[in-house]
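Each residue of the sequence shown is one higher than the last, beginning at 5 in my numbering.
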Amino acid sequence: MEKPKLTAEHAELIINLLRNHPGVDMTLGDISDQTGLPADELGAYLADLVSRSMIEQETTADGFDVYRFPAEFQRGTMAPSN
5 MEKPKLTAEH AELIINLLRN HPGVDMTLGD ISDQTGLPAD ELGAYLADLV
55 SRSMIEQETT ADGFDVYRFP AEFQRGTMAP SN
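Next up, the structure:
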């Protein structure tokens, strides 16, 4: 089976979901439930976004991969400068 191609529409959908939930780690299942994207395709999309440093991935102690939008790219999360 050919690896699914990440489209701009799918990338935007995933990135917006993660960006709109700052500080929240989401599993593949969480992202699939919220976006409606099939989990078997979503895994390839997430790997592509991680490889481009557009999102972050971490494996938890219990072996689950979780994803989040990088805090340094999150708007409005830094304290205002005086």
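All C-beta atoms in this analysis are idealised placements derived from N, C-alpha and C, irrespective of residue type, glycine included.
>> Rounded to whole angstroms, what is the Cα-Cα separation between His-25 and Glu-6?
In response: By one-based count along the sequence shown, residue 25 stands at place 21. By one-based count along the sequence shown, residue 6 stands at place 2. Roughly 31 Å separates the two Cα atoms.
>> Assuming Arg-72 and Asp-34 are in contact, meaning their beta carbons sit under 8 Å apart, how far apart are those beta carbons, in whole angstroms?
In response: Here residue 72 refers to the residue found at position 68 of the sequence shown. Here residue 34 refers to the residue found at position 30 of the sequence shown. At roughly 11 Å, the Cβ-Cβ gap does not stay under 8 Å, so Arg-72 and Asp-34 are not in contact.
> Does the beta-carbon of Ala-12 have 16 or more other beta-carbons within 10 angstroms, so that it is buried, or is it exposed?
Replying inline: Translated into positions along the sequence shown, residue 12 becomes position 8. Exposed is the call here.
> So Pro-74 packs on Glu-45, CB below 8 Å; how close in whole Å?
Replying inline: Residue mapping note: residue 74 aligns to position 70 of the sequence shown, counting from 1. Residue mapping note: residue 45 aligns to position 41 of the sequence shown, counting from 1. 23 Å between Cβ atoms; not a contact.
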